[in-house]
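S.K.:
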Amino acid sequence: MELPLARSGPYVRALRAAVDALAPDEDHVPLRRALTHLEAIDPATSGDLLAPAEITATGMPSYTWLERARAEQILARRTDPSRDPGDAEIRRAASLDPALGARMRDRRAVHRLLRHQDLLPATELAVATRAFGPTGGRLAVHYDRLAPDGRWLRLRLELDAPSRPRSFTIDAAGRASADESLRHLLTRHFAVPLPALVRQVADATGCRVARCGRGWIGPFWFPGIELPPEVPPDLGAGLLLNLSVEVVADDIEHPRTLDPLHPFLPADAPEGLSWFLSRRFAATGVAHRAVVGWLEGMGLQGLVVPFGTRPRNL
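In this note's numbering, the protein residues as written are 25 to 338.
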């Protein structure tokens, strides 16, 4: 779906406010990056420079729309800031060609934003060591990506590793890096059921998986977006953003689901691990009343936050 420019600004600002209200934690892609990316594609920042505004069936910005901001960031970081046009130069250009002047102004604004701020990655794999010694230790792995359906994904893994784990390199200072085989594995299998992912990671790395979590930002429901059949139609009558996480881990003492879309715990947790599922919502308008009532009917409370259209300053 393509949004006209007049609608894309309110859409982006609403999504940005909803993400900010939910304040995603380390089980999700970084909040600062998400808000910066949305600020970059907002016409209030970039005009029509990154148009057209395209959204997916999940109500989230399309990959191509977000990638235009990443391409503009590459250009911004290759350009000397001293070569940015000044106000007088922009005014002169606008007097001769208003469209050119507007484009110069918008490019300067988005370049100033993107030179020093990071955006959401198409895919990114990061590894850190925890208490790693001669006999091994703990590896923390984050895999972030823009999913094909438009949602924003983070896989978060905690691995008990031997001194020489497969798919990883540990240097003399204890710093860890992952090779491309692990990136390829996670890219291929990021959406498989978590028990299968745990087995695949354990087999590929020779590590014991102590925790495997998958956090999603999205879908974003609003009028015109098709909802799952199991949710009340009124949830699509306002604005409603989903933030969910599913985890299998060895430190979960009381398996539980707080996800109304998955009201029953899966029965197939890997040996020694237990399940936790959760879904929270940021909602406004009719959708806020509808989702609160729906959750109360299921015995679930405290999973909804309201949001306005002006996110907090970073």
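Cβ coordinates follow ideal geometry from the N, Cα and C atoms, glycine included.
Give the DSSP-derived three-state secondary structure of Ile-249 in the structure shown.
M.R.: Reading the sequence shown from its first residue, position 225 is the one you call residue 249. In this structure, Ile-249 counts as coil in the three-state DSSP scheme.
S.K.: Determine the DSSP secondary structure at Arg-190, reduced to helix, strand or coil.
M.R.: If you number the sequence shown from 1, residue 190 lands on position 166. Here Arg-190 sits in coil by DSSP.
S.K.: For the region 106-113 and the region 155-166, state whether three or more C-beta atom pairs, one from each stretch, are separated by less than 8 Å.
M.R.: Contact fails: fewer than three Cβ-Cβ distances are below 8 Å.
S.K.: Suppose you measure from the CA of His-312 to the CA of Phe-246; what does that come to, to the nearest Å?
M.R.: Indexing the sequence shown from 1 puts residue 312 at position 288. Indexing the sequence shown from 1 puts residue 246 at position 222. Those two C-alpha atoms are separated by around 11 Å.
S.K.: Would you kindly work out how many angstroms separate the C-alpha atoms of Ala-306 and Val-316, rounded to a whole number?
M.R.: Taking the sequence shown and counting its residues from 1, one reaches residue 306 at position 282. Taking the sequence shown and counting its residues from 1, one reaches residue 316 at position 292. Their Cα atoms are separated by approximately 11 Å.
S.K.: Of all the options Arg-37, Gly-161, Leu-179, which has the alpha carbon lying nearest to the alpha carbon of Thr-60?
M.R.: For the purposes of this step, residue 60 is taken as residue 36 along the sequence shown, with counting starting at 1. Among Arg-37, Gly-161, Leu-179, the Cα nearest to that of Thr-60 is on Arg-37.
S.K.: Which residue comes first and which comes last in the beta strand (DSSP E) that contains His-213?
M.R.: Locating residue 213 in the sequence shown gives position 189, where the first residue counts as 1. Taken as a continuous stretch (DSSP letters only), His-213 belongs to no beta strand (DSSP E), being part of the alpha helix (DSSP H) at 204-213.
S.K.: Which two residues bound the contiguous beta strand (DSSP E) that contains Ala-47?
M.R.: For this step, residue 47 is matched to residue 23 along the sequence shown. Unbroken run through Ala-47: none, as it is neither H nor E.
S.K.: Using beta carbons (cut-off 8 Å, strictly below), is Gly-230 in contact with chain B?
M.R.: No chain B is part of this structure, which consists of one protein chain only.
S.K.: Under three-state DSSP, which class holds Arg-115?
M.R.: Taking the sequence shown and counting its residues from 1, one reaches residue 115 at position 91. Reduced to three states, the DSSP call for Arg-115 is helix.
S.K.: May I ask you to report which of helix, strand or coil DSSP gives Glu-320?
M.R.: Start at 1 with the first residue of the sequence shown, and residue 320 comes out as number 296. Helix.
S.K.: Going by other Cβ atoms of all chains shown within 10 Å of its Cβ, with 16 needed for buried, is Ser-191 buried or exposed?
M.R.: Here residue 191 refers to the residue found at position 167 of the sequence shown. By the 10 Å Cβ count, Ser-191 comes out buried.
S.K.: On a Cα-Cα basis, can you pick out the residue from Leu-285, Arg-136, Ala-58, Glu-26 that is closest to Ser-70?
M.R.: Numbered from its first residue, the sequence shown carries residue 70 at position 46. Measuring from the Cα of Ser-70, the nearest candidate turns out to be Arg-136.
S.K.: What three-state label does DSSP hand Leu-177 in the structure shown?
M.R.: Stepping through the sequence shown from its first residue, residue 177 is reached at position 153. Correct three-state label for Leu-177: strand.
S.K.: Can you tell me whether Gln-325 is buried or exposed? The criterion is at least 16 other CB atoms within 10 Å of its CB, across all chains shown.
M.R.: In the sequence shown, residue 325 corresponds to position 301, counting from 1. The residue is exposed, with fewer than 16 neighbouring Cβ atoms inside 10 Å.
S.K.: With respect to the alpha helix (DSSP H) encompassing Leu-218, which residues constitute its N-terminal and C-terminal limits?
M.R.: The residue given as residue 218 occupies position 194 in the sequence shown. That run of the alpha helix (DSSP H) goes 218-229.
S.K.: So within the region 134-174, which uninterrupted beta strand (DSSP E) runs reach at least 3 residues, ignoring any that extend past its ends?
M.R.: Complete beta strand (DSSP E) runs here, min 3: 147-157, 160-170.
S.K.: Just to confirm the assignment, what range does the beta strand (DSSP E) spanning Ser-106 have?
M.R.: The residue given as residue 106 occupies position 82 in the sequence shown. Neither: Ser-106 is in no beta strand (DSSP E) and is coded neither H nor E.
S.K.: Considering only residues of the same chain and omitting the five flanking positions on each side of Ala-42, which have a CB-CB separation below 6 Å?
M.R.: Working through the sequence shown from its first residue, we reach residue 42 at position 18. Excluding residues within five positions, the ones whose Cβ falls inside 6 Å are Leu-265, Ala-306, Phe-331.
S.K.: Please look up how many angstroms separate the CB atoms of Ala-95 and Trp-176, rounded, as I've assumed it's under 8 Å.
M.R.: Counting from one through the sequence shown, the residue named residue 95 turns up at place 71. Counting from one through the sequence shown, the residue named residue 176 turns up at place 152. Actually they are not in contact, since the Cβ atoms of Ala-95 and Trp-176 sit about 19 Å apart, beyond 8 Å.
S.K.: Per DSSP, what kind of secondary structure is Ala-58 in: helix, strand or coil?
M.R.: Working through the sequence shown from its first residue, we reach residue 58 at position 34. Ala-58 falls in the helix class under three-state DSSP.
S.K.: Measuring CA to CA, which of Arg-178, Arg-56, Thr-82 is closest to Val-269?
M.R.: Translated into positions along the sequence shown, residue 269 becomes position 245. Closest by alpha carbon: Arg-178.
S.K.: If you draw a straight line from the C-alpha of Leu-1 to the C-alpha of Pro-256, how long is it?
M.R.: An answer regarding residue 1 cannot be provided, because it is not within the stretch 25 to 338 covered by the chain.
S.K.: Please state the DSSP three-state secondary structure of Thr-69.
M.R.: In the sequence shown, residue 69 corresponds to position 45, counting from 1. It is helical.
S.K.: Hey, how far is the Cα of Ser-298 from the Cα of Val-233?
M.R.: Reading the sequence shown from its first residue, position 274 is the one you call residue 298. Reading the sequence shown from its first residue, position 209 is the one you call residue 233. If you take the alpha carbons of Ser-298 and Val-233, they lie about 12 Å apart.
S.K.: From Leu-285 to Arg-56, what does the alpha carbon distance come to, in whole angstroms?
M.R.: Stepping through the sequence shown from its first residue, residue 285 is reached at position 261. Stepping through the sequence shown from its first residue, residue 56 is reached at position 32. The alpha-carbon atoms of Leu-285 and Arg-56 are separated by roughly 28 Å.
S.K.: Please classify Thr-82: does DSSP put it in a helix, a strand, or coil?
M.R.: By 1-based counting over the sequence shown, the position of residue 82 is 58. In this structure, Thr-82 counts as coil in the three-state DSSP scheme.
S.K.: Quickly, what does DSSP pair Asp-184 with across the bridge? List them, please.
M.R.: In the sequence shown, counting from the first residue as 1, residue 184 sits at position 160. DSSP lists Arg-162, Arg-232 as partners of Asp-184.
S.K.: Using alpha carbons as the reference points, say which of Arg-303, Val-222, Gly-160 lies closest to Ala-273.
M.R.: Looking up residue 273 in the sequence shown gives position 249. The residue with the shortest Cα to Cα distance from Ala-273 is Val-222.
S.K.: What do you get for Thr-82, buried or exposed, if any count of 16 or more other CB atoms within 10 angstroms of its CB means buried?
M.R.: In the sequence shown, counting from the first residue as 1, residue 82 sits at position 58. So Thr-82 counts as buried.
S.K.: Only counting runs of 3 or more residues, tell me where the beta strand (DSSP E) segments fall wholly within the region 255-292, in order along the chain.
M.R.: As far as the region 255-292 is concerned, its whole beta strand (DSSP E) runs of at least 3 residues are 263-273, 280-282.
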